[in-house]
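Below is one structure, written out as structure tokens; comments come after it.
Protein chains: 4
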Amino acid sequence: MAMNTRAERADQSSERRTQILAIAARLIASQGYSATTVRDIADEAGILSGSLYHHFSSKEAILEEILRSFMDGLLARFEEILAAGGSPRDTFDALVEHAFLTIEREPDAVGLYQNESAFLATQTGFEFLHEKSARIEAIWLEVIRGGQKSGAFRQSMDAGIAYRFLRDSLWSTVRWFRPGGRHTAASVSRHYLDLFHNGLLAE
Amino acid sequence: MAMNTRAERADQSSERRTQILAIAARLIASQGYSATTVRDIADEAGILSGSLYHHFSSKEAILEEILRSFMDGLLARFEEILAAGGSPRDTFDALVEHAFLTIEREPDAVGLYQNESAFLATQTGFEFLHEKSARIEAIWLEVIRGGQKSGAFRQSMDAGIAYRFLRDSLWSTVRWFRPGGRHTAASVSRHYLDLFHNGLLAE
Amino acid sequence: MAMNTRAERADQSSERRTQILAIAARLIASQGYSATTVRDIADEAGILSGSLYHHFSSKEAILEEILRSFMDGLLARFEEILAAGGSPRDTFDALVEHAFLTIEREPDAVGLYQNESAFLATQTGFEFLHEKSARIEAIWLEVIRGGQKSGAFRQSMDAGIAYRFLRDSLWSTVRWFRPGGRHTAASVSRHYLDLFHNGLLAE
Amino acid sequence: MAMNTRAERADQSSERRTQILAIAARLIASQGYSATTVRDIADEAGILSGSLYHHFSSKEAILEEILRSFMDGLLARFEEILAAGGSPRDTFDALVEHAFLTIEREPDAVGLYQNESAFLATQTGFEFLHEKSARIEAIWLEVIRGGQKSGAFRQSMDAGIAYRFLRDSLWSTVRWFRPGGRHTAASVSRHYLDLFHNGLLAE
DNA sequence: GATGAATGAGAATTCATTCAT
DNA sequence: CATGAATGAATTCTCATTCAT
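Order-wise, the sequence lines are chains A, B, C and D. Residues in the first sequence are numbered consecutively from 1, following UniProt numbering. Residues in the second sequence are numbered consecutively from 1, following UniProt numbering. Residues in the third sequence are numbered consecutively from 1, following UniProt numbering. Residues in the fourth sequence are numbered consecutively from 1, following UniProt numbering.
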């Protein structure tokens, strides 16, 4: 067996943290932050609740780390999609597809964000939620307005309302679209893009 | 000063209950059920937390009463709309309009339902959430499928997905559409009906 | 038996608080603040530790209340003695006598102050310790310097050092002079005044 | 690079121990024993808290070692001064001077002793505090009574009270007399000896 | 000698709930 | 109806200590 180098040990440590963060995300997503106790998390990690504090400074710090890394990852990918410079319509579709991919890959972080972010955004230490959300909103608005200018999207609609409509429709799917079920990110994407593009009415 | 008759006292009691339920709904909608303490509620009602138990048997009973009366009212109105026997398209629009009206009138109950119902539906004592939700889903599905049959709605779309899409889009607006702001139920209805009907794409 | 008036009830409540404060003062004086648990205090009060929080908002709040009322009472009496306008020598003796009387009456508060105040003065919420102490020091310095001017006290001594010397000598007696023992406030006063006045050397 | 011999390593160990003891003494003197955590000590020593246990068997063992070496050193010097066989007055002055020298050299040990010894004396493992203190008290009493017999000190005073008075006055100065400030051990000695000898009154 | 992960006991505090008055 | 005191269980967090590596 190979010796443990310092780097490998650091990795192990990081693995433990990552593992605990995943457990916490799952529990918090399904029960809510308040209703999830540190003991719940520790139990699932197979350690005593006090031992969690060897890895994290507080329950809140766990929540913050989950949300921060989720938001960072999401925003980074959104920026890449925007920077790719496709047409508004193509960029729009890519954003939607990436959102469903994110829900498929990180349903817990998405669910947790959906349930807790509105309240948390007002709490000290979570100001970053506001900042990142604002940037994400700006990206969507740029795409929507770009599409209205280019003639791809209807000019009669209010971009601000359309943004909220898209945001809520998309991310709310985390409540029922769970990986491993009947639907995949790709199939849900197709259905939702169709609804977003064309609406319900025939013709 | 005239003495309170028993009937008058019962009325006062009823008013007090209603008032406390409103306070509780507001707090639970904004902070979540777990994070809202009975003391929070009692403080806002101007009484001590123990005194709440003259009006309600438990914290959970308060939550149940809020949700039950909300669901009863909503479902009753939905049944009326369905029973009115309009075309699928007209019934659809009426359901959407009534949803926004409900959000305008009872934003706290709607918000509370959005945040807590998924988790609560699995708890004993809240089985009614499942029953009522199932009936509401059936109504929407009847309207959607009716519209597909009649040619009003596109037949290519999956009714189940469309239902979830509508449900989530609609009720999620409670997060940003607050009565007294820029938008009214009527104006949001118009925007959303347009998006639902026609989608985003031009032509 | 007399009916409980609202005032009497308030008194009862106040009695309970006072009783708990006395228990806390005794325990903290003998074990130190950190080493005294809220359970220690609650046990002696015959209630559960959580029930303490019905009367006080925190362990620290108990400490603060003890120290604040002690300091307020002491300073008020010192001001009275100063305001009485006696000669520096008479005022000096009266201050010393009152200090011993205070130790006799409130040994726990004095002991607690001796043990914890130096550290606490730097903590937020305990700034009042600095303020009150500064005023007490000013009173002693006024008396000492007044006595030097009037010729009652030796002019060769440093008033600042003399103040510290008196303060420490006086209040440190709380460590061994406990009411009910061989000595009374009056007898210790006499001995200490003799030592302060004349020192140890013969002639 | 030369290998460490066992002796050299033992020396290093001893230096490390001494360094840790100094850190612990400083922290315990300023915060109290209960309020000082082994992590506080380890942090300042630049190691992890668990690593302290390579040097000391427990937190209490650190405290004991600090106090024991302090008491041993102090008592040894007091015995020397007594054995020198000077007059009571000269011996008295030498004891006082040495006390201030000790405060100047080891303020942390003195402070720690002042704050914790009363409580610790009752704890198992710290019985030596009683023994050493008793011997120190005996030395002072011998000098005081010797001075009363020889006519150097006033016979009217109670030797027991005078002892406590001297002890408390002297050692309490550790609270304000810190090396490197306005005063040196020599200057404070002079002031205090003057106050002890002659008191405050003129003539 | 030191690390890093963990333990286990106990700390302060919170909170839904009860009940005599 | 409401108070005020209390309960009892649970919660977050701390901390001295252990131990394999």
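Every residue, glycine too, gets a C-beta built ideally from N, C-alpha and C.
Using a 10 Å radius around the Cβ and a threshold of 16 neighbouring Cβ atoms, would you call residue i buried or exposed?
{"i": "E106 of chain A", "result": "buried"}
{"i": "S87 of chain C", "result": "exposed"}
{"i": "H183 of chain D", "result": "buried"}
{"i": "R135 of chain C", "result": "exposed"}
{"i": "E80 of chain C", "result": "exposed"}
{"i": "S169 of chain C", "result": "buried"}
{"i": "G151 of chain A", "result": "exposed"}
{"i": "H191 of chain C", "result": "buried"}
{"i": "G111 of chain A", "result": "buried"}
{"i": "R175 of chain B", "result": "buried"}
{"i": "G181 of chain B", "result": "exposed"}
{"i": "R164 of chain A", "result": "buried"}
{"i": "R167 of chain D", "result": "buried"}
With distance defined between alpha-carbon atoms, name the residue in the options nearest to residue i.
{"i": "F177 of chain D", "options": "D:R16, D:F56, D:A99, D:I41", "result": "D:A99"}
{"i": "L21 of chain D", "options": "D:L201, D:T184, D:I62", "result": "D:I62"}
{"i": "A121 of chain C", "options": "D:S30, D:Q19, D:R17, D:A24", "result": "D:S30"}
{"i": "A162 of chain B", "options": "A:A159, A:A45, A:W140, A:N198", "result": "A:N198"}
{"i": "A25 of chain C", "options": "C:L200, C:L67, C:E15, C:D194", "result": "C:L67"}
{"i": "D43 of chain C", "options": "C:Q19, C:G32, C:S57", "result": "C:Q19"}
{"i": "F78 of chain A", "options": "A:V188, A:G180, A:D93", "result": "A:D93"}
{"i": "E97 of chain A", "options": "A:G32, A:A186, A:A84", "result": "A:A186"}
{"i": "G46 of chain C", "options": "C:E65, C:F70, C:F56, C:R16", "result": "C:R16"}
{"i": "G32 of chain D", "options": "D:D108, D:L75, D:S156", "result": "D:D108"}
{"i": "D158 of chain A", "options": "B:S172, B:E142, B:L200", "result": "B:L200"}
{"i": "S156 of chain C", "options": "C:L166, C:W171, C:I144", "result": "C:I144"}
{"i": "S117 of chain A", "options": "A:E64, A:T173, A:P179, A:R39", "result": "A:E64"}
{"i": "W140 of chain D", "options": "D:L75, D:T173, D:L101", "result": "D:L75"}
Check the DSSP bridge columns for residue i and list the partner residues they point to.
{"i": "L201 of chain D", "result": "C:F153"}
Would you tell me roughly how many angstroms separate the C-alpha atoms of residue i and residue j, rounded to the nearest one?
{"i": "K132 of chain B", "j": "K59 of chain B", "result": "22 Å"}
{"i": "H49 of chain C", "j": "T37 of chain D", "result": "Correcting the residue type first, residue 49 of chain C is Ser in the shown sequence and not His. Each residue's alpha carbon lies about 24 Å from the other."}
{"i": "R154 of chain A", "j": "E203 of chain B", "result": "8 Å"}
{"i": "L95 of chain C", "j": "G146 of chain D", "result": "33 Å"}
{"i": "F128 of chain C", "j": "A138 of chain C", "result": "15 Å"}
{"i": "N115 of chain C", "j": "I103 of chain A", "result": "59 Å"}
{"i": "K149 of chain D", "j": "D72 of chain C", "result": "46 Å"}
{"i": "F126 of chain C", "j": "H54 of chain B", "result": "41 Å"}
{"i": "S34 of chain C", "j": "F119 of chain C", "result": "12 Å"}
{"i": "D90 of chain D", "j": "A84 of chain D", "result": "10 Å"}
{"i": "S189 of chain B", "j": "S51 of chain C", "result": "52 Å"}
{"i": "T124 of chain B", "j": "D194 of chain A", "result": "39 Å"}
{"i": "Y113 of chain A", "j": "S69 of chain B", "result": "29 Å"}
{"i": "F56 of chain D", "j": "S14 of chain D", "result": "11 Å"}
{"i": "I160 of chain C", "j": "F196 of chain D", "result": "The displayed chain sequence assigns Gly, not Ile, to residue 160 of chain C. Approximately 16 Å, taken between the alpha carbons."}
{"i": "I41 of chain A", "j": "I28 of chain A", "result": "9 Å"}
{"i": "E142 of chain D", "j": "L82 of chain C", "result": "40 Å"}
{"i": "W171 of chain B", "j": "R39 of chain A", "result": "34 Å"}
{"i": "T173 of chain C", "j": "P179 of chain D", "result": "26 Å"}
{"i": "L101 of chain D", "j": "I23 of chain A", "result": "60 Å"}
{"i": "H130 of chain C", "j": "H130 of chain A", "result": "42 Å"}
| request: Mind listing, in chain order, the continuous alpha helix (DSSP H) runs of no fewer than 4 residues lying wholly within the stretch 21-76 of chain D? | output: 38-45
| request: Could you pull out every unbroken alpha helix (DSSP H) segment of at least 4 residues lying fully inside the stretch 154-187 of chain A, listed in chain order? | output: 159-172
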